Every structure is written in structure tokens, then in C-alpha cells.
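Visitor: Residues in the sequence shown are numbered consecutively from 24, following the working numbering. C-beta: ideal position from N, C-alpha, C; glycine also. These figures come from a predicted structure and were not determined experimentally. Starting off with a structure, shown below.
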Amino acid sequence: MTHTKRFQPSEILLMGPGPSCVYPAVYRALGLPTLGHLDPDFIDLMDDTAERLRTAFGTRNRLTMALSGTGSAGMEASFVNFVEPGDRVLVAANGVFGMRMADVAERLGAAVDRLDFEWGKPVDVETVRARIESEPPYTMVGVVHAETSTGALTDVSAIGRIVRESGALYLVDTVTGLGGLPVAVDEWGADIVYSGTQKCLSCPPGLAPFTCSDRAVAKLSSRTGKVPNWYLDLSMIVQYWSGDGARAYHHTAPINMIYGLNAALGCLLDEGIEAVIARHRNAHERLVNGLEDLGLGMLVAPEHRLPMLNSVTVPDGVDEADIRKRLRREHHIEIGAGLGPLAGKVWRIGLMGHTARAENVDRLLDAFRDSLSGCV
Ligand SMILES: Cc1ncc(COP(=O)(O)O)c(C=O)c1O
């Protein structure tokens, strides 16, 4: 018996909530020869990747790296390193990922206050202010920049000013924002920020870009106990990601994924961050106009919409799942379903990274027109 039969995935246009279409340059980078994880050329590439991440994140934070694991590893690392049992944590939740933050923090024994907001709306800045001002000090306040489960954008800059004044560490999830929206970690006053590779960076899933401020590092150094998770312990991982001298082995880095991320950041920086952001915005406007012509409406109010994640209301009488299946089967396009209370009520259309182009929008609109004919 031989095992020569190779898996050959169909060519699917990825227009869901991630992964997005991968840049050709990233695929080429992923296929390059694997080096040793302590090879000097690879260490140089890690340094270059960290520097590119600093530019993308808008930070000069020394501790900036790509953690092994998807975006959730970034979330987990944020709590496991900087929160100790009994620490008071405030999480503002307006969708799945804020709720996940609270869950992660609770599992670590933090005293979590979850401040819930309506799905499809942003986190309300004044409500966060009122909660912070009326409570004993929090150790950390966490918020999601771009809530992928609904398509709502939160003003993380305004919340940052309030959190900074309170003295708490400020945690921001920009898994979906990085590379598609302005991200300015230092200006926001954010202490801990993570992202993922498979959204607007257009690299396959597998790494969590991560950055944290010196204030966060000080909290890590002053912990009373060890970080309760060996794999994500930043005090050890940093010995591998930084320093002029020898790098200490922690775990074997996913070498080729780091080649891929480096190339993805190269695509972002070569095109120019502002130009890429404008490309996302233009694709979003084209999509919304086209959907309106088809009689379809959006879940989120115009001023709070994410360009890269568009929640479209399913019209009465239309079978949400059936349309998604037809798009995949007949048009080779993937879009996403609604989650939680939005299941069956919205489609989630991603315009992330390499996917965010007029020709993809037009192809999807044609496919929607065809699939919906006779339904609306
Ligand atoms: C806002 C947000 N945070 C966190 C995550 C978790 O990332 P991952 O699925 O890569 O672990 C996602 C994934 O969709 C996300 O959209």
C-alpha cells in the first residue's frame, strides 16, 4: 500500500471571518527550506519580524514577538502572565471574544467583572468610565478592538485614556484589527496587545503577534508566584526572542510560520499601512452599496462598522445556512455564519488583507444575486 495520494484543497475564495486569502509571497515563504531554530540567519529573521511587528502595532515596546499558537494563545498569554489569583479584572464584552476573555481570566482565579454590551454595538466608553470610577481599582481592563462575532468597532483609544488614569493595565485584542484598521498601541496607552495571523495579515493561522509595555513587564517581574502555564511564560520566551547574546531554547519555534509572517508583514509595509487600510475601507463601501442594491441590510450602524467584517442581516424567509452552502458549492466562496444570539440571523462577510479587493467583492455580489434569486 502506498500513501502517495496527496490532499488537494479546492480553490475557495475566503470571505469569512478568517482565515483570509493568503498572499502569494507568504505561500512562497512558507515553502522555503527550514533552518534550525537557533541558526544565526533565523535569529536575524526573528529580529526583523519583531521590528516589522513594532511598525505594524505602532509601538516601540521592546517585548514584541510572535507567540506560537493562534490568536487565542495571545489572549491566554495576556492573562496567564499578567494576572494573579484574586486580581480584579474588568472585561468589556460586546460579543464572543470579550466573553472568551472573561472566561480565560476566571479560569486563572481572577475576580472578573464582565461588563456586557449589546451585540452589534461598540463598547460604550462612558459606561466603562462609570464602572471604573465607581469600583475599587482594577489590575487589568480588557477590551476587543474589532469584535469579529458582530462586526462592531470599539474606540479603544478613548477607553485607553480612562484606563491609564485608573492605573490598571490595559489589554486590547486586535486579532481582527491589525493590518486593516489604524493600530497605535503606544498612542492608545495599551499595555498588552495581541493579534492573529489569519485575518488582515493574510498569513495562515498559527502565530499570535504580541506586544507589551514596560509597565506590563514590571507587573510580570513582581509576580508573587510562577506563571502558571509553562508554554506561554513570557519571562522564559523573552530569552529566546530578544537579547544581543545567545538565545536560550524554550520551545522549538514554528520556523516556517515565522518566514510566512515576516513575508506577510513585508506585503503590508511595502504596500503601505495607510494604503492597505484604505483598500479595506474601499472594499467595504463597495460591498455595502452592492448589498443594499440587492435589498440586504447591515447589522451594525454605519459609524461603528468594521471594514473587514461585515454582518449582513438575513432577510425573513431566507435559509441562512442554505445560501452559505450554495455559495460554497456553486461559487466556491466561503462566508461565515452568525454566532451565539446572531446564529441564523446574519452572514459574516470578511474583507481581510489580500481578500479586500474590488474584484472579490464583485464576485461575491454576483454570487449572492444568483443564490438569492427568487428568495428576496
Ligand atoms: C477578536 C478575536 N479575538 C480572538 C480570536 C481567537 O483567535 P484564534 O481563533 O486565532 O485562536 C479571534 C478569532 O476569530 C477573534 O476574532
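Assign D267 to one of three DSSP states: helix, strand, or coil.
Guide: coil
Visitor: Closest to A96 by CA distance: which of A241, F391 and Y217 is it?
Guide: Across the set A241, F391 and Y217, the C-alpha of Y217 shows the shortest separation from the C-alpha of A96.
Visitor: Is the segment 376 to 383 touching the segment 44 to 51, taking contact as three or more C-beta pairs under 8 Å?
Guide: The segment 376 to 383 makes contact with the segment 44 to 51, as at least three CB pairs between them are under 8 Å.
Visitor: Helix, strand or coil for N305? Go by DSSP, reduced to three states.
Guide: helix
Visitor: Is it buried or exposed, W253, if we count other Cβ atoms within 10 angstroms and call 16 or more buried?
Guide: Here W253 is exposed. Its C-beta has fewer than 16 other C-beta atoms within 10 Å.
Visitor: Is S95 helix, strand or coil when you go by DSSP?
Guide: helix
Visitor: In chain order, what are the residue ranges of uninterrupted beta strand (DSSP E) at least 3 long that sit wholly in the segment 200 to 287?
Guide: 215 to 217 and 230 to 235
Visitor: State the CB to CB distance for the pair R137 and A125, rounded to an integer number of angstroms; the pair is presumed to be in contact (CB under 8 Å).
Guide: The distance from the Cβ of R137 to that of A125 is about 4 Å, consistent with a contact at the 8 Å cut-off.
Visitor: Which value, in whole angstroms, describes the spacing of the CA atoms of A79 and G397?
Guide: 45 Å
Visitor: Helix, strand or coil for T72, going by three-state DSSP, please let me know.
Guide: Helix.
Visitor: Out of G318, I260 and E297, which one is the CA nearest neighbour of D339?
Guide: G318
Visitor: Kindly indicate which residue of K242, P205, E156 and A169 has the alpha-carbon position closest to the one of W142.
Guide: Closest by alpha carbon: A169.
Visitor: Buried or exposed, going by whether 16 or more other CB atoms sit within 10 Å of the CB of Q221?
Guide: buried
Visitor: Helix, strand or coil, according to DSSP, for T3 in the structure here?
Guide: Because the chain here runs from 24 to 399, residue 3 falls outside it and cannot be looked at.
Visitor: Do three or more CB pairs link the segment 229 to 239 to the segment 57 to 70 at distances below 8 Å?
Guide: Because the criterion of three Cβ pairs below 8 Å is not met, the segment 229 to 239 and the segment 57 to 70 do not touch.
Visitor: Check whether the Cβ of G367 lies closer than 7 Å to any heavy atom of ligand 1, and answer yes or no.
Guide: no
Visitor: Would a C-beta distance cut-off of 8 Å place N383 and D256 closer than the cut-off?
Guide: no
Visitor: May I ask which residues mark the beginning and end of the beta strand (DSSP E) holding D136?
Guide: Per DSSP, the continuous beta strand (DSSP E) segment holding D136 begins and ends at A134 to D139.
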